[in-house]
Structures are given as structure tokens and as C-alpha cells.
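Student: Numbering-wise, my numbering puts 1080 at position 56 of the sequence shown, and it's gapless, one number per residue.
Have a look at the structure that comes next, please.
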Amino acid sequence: MNVKTISRNVGYALLVSALFMFLSILVSLGNGNDSALAALIISFTITFTVGIFPFIFVRKAQNITLKDGYVIVVLSWLLSFIFGMLPYVLWGGPFTIENAWFESVSGFTTSGATILDDIEALPNSLLFWRSSTHFIGGLGVVVFLLLIIPQASPIRMRLTSMELSSVSKDGYSARANKTVFIFAYVYLALFVVAFFSYWAAGMTAFDAVNHAFSVCSTGGFSTKAESIGGFHSRLIEGLTMLFMFTSSIHFGSIFLMFARRSLKPVINPVVKFYVSYVLAFSLIMAVSFYNRGEFSTFGDSLWSGLFTTLCFTTTTGFATVDNADWPLLLQFVMLLSGFVCACAGSTSGGVKVDRILVLFKSIRRQTLSILHPNSVREIRLGDHPLRDEEVRPMLFYLNLYVVILVGSIFLALLVGTDTAVGVTGSIASLGNLGPATGECGTMGSFNCLPIATKFIFSMDMFLGRVEIYPVLAVLAMLFDHKDRVRHG
């Protein structure tokens, strides 16, 4: 491994965190030097010093191997989690070491799960830092890094292929070194439009920034204990639904829609399938809400059903209702939507609806092959035929995802976690969904869980955000190195 290349590129990632810590310091100063100022200054100093260190003492190196790339991706995320803990730990309050780790991981992975029982007790500067981790994680720690790396660098092309999901790349009609800019343009445009829309709808500028950070990253951190429901505004809820849905669509398709001035790029089989199941789940939730008497009219039930479904399918952890005592049907809908989630090439988590659609088409092809063994059938997504070499990795990822999910549930139950929370928490964490059920539901927190469970769920969030493979690659490298040392 090239330690110089790795250290310099990981340094970039830490400098991004340092930048947003500095912005949080400005927020603190603007609020009359609130109680988090000292914690943020110390955190910024430490993070900036460690991040800038490689650029001072390490000579620039451009060569990068496949192994270097995987180490850069994994280390950039892990060190962002660790240094992202500092403002929480140094501020204190409910932030023990394990709680600060959980909150940091949840923020950077845009999961939106929290250990906070009283969100509004935090000073504004710490709330801003908390939302900033969503913004950094939504665009991607490594994508921020790629925006700085020179365009012609081979490092950019290699890291782009590792950071962006393999199932998402077909939607970008550009070379690898342009893909990162397309993703960034769409992401930043969504943030700007969301901020001004929220501000115009009645939020303060501070609340608008924080919620724009969360919604464009499909994260879910809010400045209110009641989340979006705390604003009691249908307009704000409607805007949130619009931005949640937009942020869950393939960013390459959104870019092409505006570049070509046509809706055709976003009217494709994946989006049609996604919209169909969102509407179906929304209707199920609406009927259940109405039958339970949670709302006086079916229209209110339908509105809340659509909002809640989008929160789950887009993996945005906002809420307007409390799911602590939901019946089994709604729990099942939540679990299913939290597993499938939204489109590849977006900021959403989960296995991605693209892979589920390919799974269904693969089942259909296999069934028809049994009935007609001599026929030759191919899997197509719209006009795009998929080769077996493209289909196999998608199906393998689904199998791997399920194996890790089952393992996570087993470990959570083994350390004494409540059965319902162990199951729903694992699904929510691995899918970067955020809230689970019961005390860890939409209006609750994960603070009540054992330390071991918090660690298990935080690892799930990390694996879900990087889509498992980079972590497995680094672990394989470590074990391979140990074997070589052991055998001389």
C-alpha cells in the first residue's frame, strides 16, 4: 500500500469536516458565543491539524492501486466518524463516548437515528454541526475529496468507481471523471432550492438550512423534537415530500432531464416501479390510519400515509406521526419499505429498488426458462439489456445484504436487545433508514439501548452507506497480510 497517497487523500476528507466545524463556530459566535463554542474550537483545531499534516510532511504522490483506493474509502469514512464525535464529546450532556460515536455515524451515513431525548436542548451551533454531518455524508466524504483532486488524475477515476454504487453508473452519460461533478451539481442545486423554499414557507433561516441539509441528503436530523410535525404546516410537509422524492431519484437522470429539457430520462422502468410501490404502500398506510381513528378524514390519513411512506422509502428519518404503537400490518410495511428503499444513484440507502426490479425480472426469466427450456430470454431495464455479468453482482449483493442483516439481528438479540427493536433496528440501520419501533421509533431515540447494540447498529449504518464491498475488501486485505506474515 502507498501510505503517502492514502494519508494525503484521507487528509482531504478531514479538512472537509474541519471546514464545517469552522462554520459551526461562526454559528456559535452569531448566537452570542453559545455553550458549544469551546468544544467546536478545540474540535476544529484538532481535526484541521491532523488533516493538514500529510500535506506538510508527506510528498505529493499520484499513483494509486486498487488496494489503496479501498483503504482511502474506508479510512475516510471511519476517521470522519471519529473526528465528528469530538464536538459532541467535548460539549458533554447526553454525549457519552458511545452516544457521540452513534450520533456521528448516524449523521455521516445519513441514517437519521439519534440518541437525543431532547433535541431542542442542544445549542444552535451543535445542531448545525449535527445537520452538517448529513450534508457531508449525503454528498459523500469521498465525493468531497474527488471535487478537489485534479480532473486528469487517475485517482479520481478509480475512487469514483468505488464510491458510487455500481448499480447506479448507467444513469450517468458521462466519463468517470465527470460523474462526480454531475452528482455534486444536482446535490447542491437541491440544497439551494430546498433552503429557499423552506425559508419562503415560514421557517427561520437557521431551520431552513438545517432541514435543507437533511432533506437533500435523505438524512432526517431535525432541529425540532417533533421533527417536521413540529412546524404544523402543510406547506412545509408538502415541500418536504417533494424534496424527499426528488433526492431519492437517480441524480444522473435528474441532470439529463434538465440538460435535455425532457421528462424522458426520469420516466423509466425503475422510477415507474418505485412510484408504484410508494403509492401502494401509502394507500395501505392511509387505510390503516383511518381505520385506527388517528385522523378524522380519509384525506388527512392519505396525506400522512404518503408523507410517512416517503420518509421510509427514501430513508429520510423525518416524521409527523409516532410509530411506537403501530399494528403489525404497518410494522410490516415499514420493514418492507425500509428494505427496498429508493433508486440507485441517489442519496437514499437500502438495497435500492433497481436491484429488486432486477430480482423480479430474474425470477420471471428463470420461471419461463423452466417452462420453455429452449428459449433465450434476456433481462431488460427499458431499452437497456442487462448481461449476466451485470445481473449476477446485483443478485449477489442482495444475498450478502440479507446475510449481514440476519447476522446483525442475531447479534442484537444476543446482547439483550428487545426482539422488535433488534429486528427493526437492524433493518433501519443497515438501510440507513433511521427510526425503528417502540422506544426507538419516530418520536423516540436509541439512547435506551445497550452499548453493544449501539455499536452493532452503527456498524450496520456504515456497511449500508458504503454498500459493504469496500469494507469486505479491506478486511480481506488485512487477513491476507496476516496470512503472509504467519507463513513467512
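We put the beta carbon where it would ideally sit given N, CA and C, even for glycine.
1. Specify, as a first and last residue, the run of the alpha helix (DSSP H) that residue 1416 falls within.
2. Buried or exposed for residue 1251, please, with buried defined as at least 16 other CB atoms from any protein chain shown within 10 angstroms of its CB.
3. Going by DSSP, what residues sit across from residue 1403 in a beta bridge?
4. Going by beta-carbon coordinates alone, are residue 1313 and residue 1329 separated by less than 8 Å?
5. Using a Cβ-Cβ cutoff of less than 7 Å, which residues in the same chain neighbour residue 1460 once the five nearest sequence positions on both sides are dropped?
6. Return the first residue and the last residue of the alpha helix (DSSP H) that residue 1391 is part of.
7. May I have the straight-line CA-CA distance separating residue 1197 from residue 1276, to the nearest angstrom?
8. Do three or more CB pairs link the region 1476-1488 to the region 1354-1368 at distances below 8 Å?
9. Can you tell which of 1339, 1043 and 1356 has the C-alpha that lies nearest to the C-alpha of residue 1075?
10. From 1435, 1386 and 1438, pick the residue whose C-alpha is nearest to that of residue 1020; which is it?
11. For a minimum of 3 consecutive residues, which ranges assigned as the beta strand (DSSP E) are wholly contained in the region 1268-1326?
12. Nearest by alpha-carbon distance to residue 1241: which of 1458, 1375 and 1049 is it?
13. How would you call residue 1296, buried or exposed, if buried means at least 16 neighbouring beta carbons within 10 angstroms?
14. Can you tell me the Cα-Cα spacing of residue 1149 and residue 1110, whole angstroms?
15. Please report the residue range of the alpha helix (DSSP H) in which residue 1239 lies.
16. Give the secondary structure of residue 1464 by DSSP, where H, G and I count as helix, E and B as strand, and everything else as coil.
17. Which residue comes first and which comes last in the alpha helix (DSSP H) that contains residue 1129?
18. Hey, could you find the ends of the alpha helix (DSSP H) residue 1078 is sitting in?
19. Helix, strand or coil for residue 1041? Go by DSSP, reduced to three states.
20. Could you tell me whether the region 1286-1302 touches the region 1214-1221, using the rule of 3 or more Cβ pairs below 8 Å?
21. Using the Cα positions of residue 1028 and residue 1059, report the straight-line distance between them to the nearest angstrom.
22. As a quick exercise: from 1384, 1432, 1379 and 1435, pick the residue whose alpha carbon is nearest that of residue 1414.
23. Return the residue from the list 1039, 1100, 1053 and 1493 that minimises the CA-CA distance to residue 1068.
24. How would you call residue 1292, buried or exposed, if buried means at least 16 neighbouring beta carbons within 10 angstroms?
25. Here's the rule: buried if 16 or more other CB atoms are within 10 angstroms of the residue's CB, otherwise exposed. What is residue 1384?
26. Measuring straight from C-alpha to C-alpha, what distance separates residue 1318 and residue 1326?
27. Mark residue 1491 as exposed unless 16 or more other C-beta atoms lie within 10 angstroms of its C-beta, in which case mark it buried.
28. Give a yes or no on whether the C-beta atoms belonging to residue 1443 and residue 1473 are separated by under 8 Å.
29. With a threshold of 16 other CB atoms inside 10 Å of the CB of residue 1259, please say whether the residue is buried or exposed.
30. Just to confirm, are residue 1271 and residue 1344 a CB contact at a threshold of 8 Å?
31. What would DSSP say about residue 1497, mapped onto helix, strand or coil?
32. Please classify residue 1284 as buried or exposed, where buried requires at least 16 neighbouring CB atoms within 10 angstroms.
33. Of all the options 1488, 1233, 1282 and 1389, which has the alpha carbon lying nearest to the alpha carbon of residue 1154?
34. Using alpha carbons as the reference points, say which of 1273, 1424, 1316 and 1315 lies closest to residue 1369.
35. Helix, strand or coil, according to DSSP, for residue 1478 in the structure here?
Tutor: Looking at the coordinates:
1. 1412-1438
2. buried
3. 1410
4. yes
5. 1445, 1448, 1449 and 1452
6. 1377-1395
7. Here the model assigns residue 1197 a pLDDT of 48, short of 50, so the residue's position is not dependable and the matter cannot be decided.
8. no
9. 1043
10. The shown model of the chain, from 1025 to 1512, leaves out residue 1020, and the question about it has no answer.
11. none
12. 1458
13. exposed
14. 14 Å
15. 1229-1240
16. helix
17. 1121-1132
18. 1061-1081
19. helix
20. no
21. 38 Å
22. 1379
23. 1039
24. buried
25. exposed
26. 11 Å
27. buried
28. no
29. exposed
30. no
31. helix
32. exposed
33. 1233
34. 1273
35. helix
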